[in-house]
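First comes the structure, then the notes that go with it.
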Amino acid sequence: LELSPADSAVMEEIINDLHYLGYLIEPFGKNAFVIQGTPADVDAGNEKHVIDILLEQYKHFNPELKFSKREKLIRSLARQQSIKAGTRLTQKEMQQLVNDLFACEQPNINPDGNPTYLEFKQEQLERMFGK
Numbered sequence: 024l025e026l027s028p029a030d031s032a033v034m035e036e037i038i039n040d041l042h043y044l045g046y047l048i049e050p051f052g053k054n055a056f057v058i059q060g061t062p063a064d065v066d067a068g069n070e071k072h073v074i075d076i077l078l079e080q081y082k083h084f085n086p087e088l089k090f091s092k093r094e095k096l097i098r099s100l101a102r103q104q105s106i107k108a109g110t111r112l113t114q115k116e117m118q119q120l121v122n123d124l125f126a127c128e129q130p131n132i133n134p135d136g137n138p139t140y141l142e143f144k145q146e147q148l149e150r151m152f153g154k
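Here it is as structure tokens:
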């Protein structure tokens, strides 16, 4: 994995936290690293792309938020592996997603503080759909 000097510095800063998250990455010369292992859910052959995106998201994470390095990495990884808009899910996948959401400590908001769902009352739906 060849990196720019700036990305190499970031990698050196976060390499131990990446190890904690299931990545086994070792320095391999100047601005170079070898990926020896990844979490099971990272597709084989896609490791470099995943690391590149992870580094970009980590570098551009909202700087005024006071998160630890590990928290920033976890958030970046979660964003990267989230279900993208337009992805079709089966009924079973949708139900699992809802179950997982409501099993969270704070199911009403995402890590950025935005609501995760909207709740409509019957009368609101009737007004919206003209009944």
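In terms of my numbering, the sequence shown opens at residue 24 and continues consecutively.
Each residue gets a CB set at the ideal place from its N, CA and C atoms; glycine is no exception.
The structure presented is a predicted model; accordingly, all values stated were derived computationally and were not measured.
The beta carbon of P138 sits closer than 7 angstroms to those of N131, I132, all from its chain and outside the five residues before and after it, given in chain order. For K92, the CB contacts under 8 angstroms within the same chain, skipping 5 residues up- and downstream, are E36, I37, D40 in chain order. Residue ranges of uninterrupted beta strand (DSSP E) with 3 or more members, entirely inside the segment 43 to 78 and ordered along the chain, are 47 to 50, 56 to 60. DSSP, reduced to helix, strand and coil, places P28 within a helical segment of the structure shown. Secondary structure of I106 (DSSP, three-state): coil.
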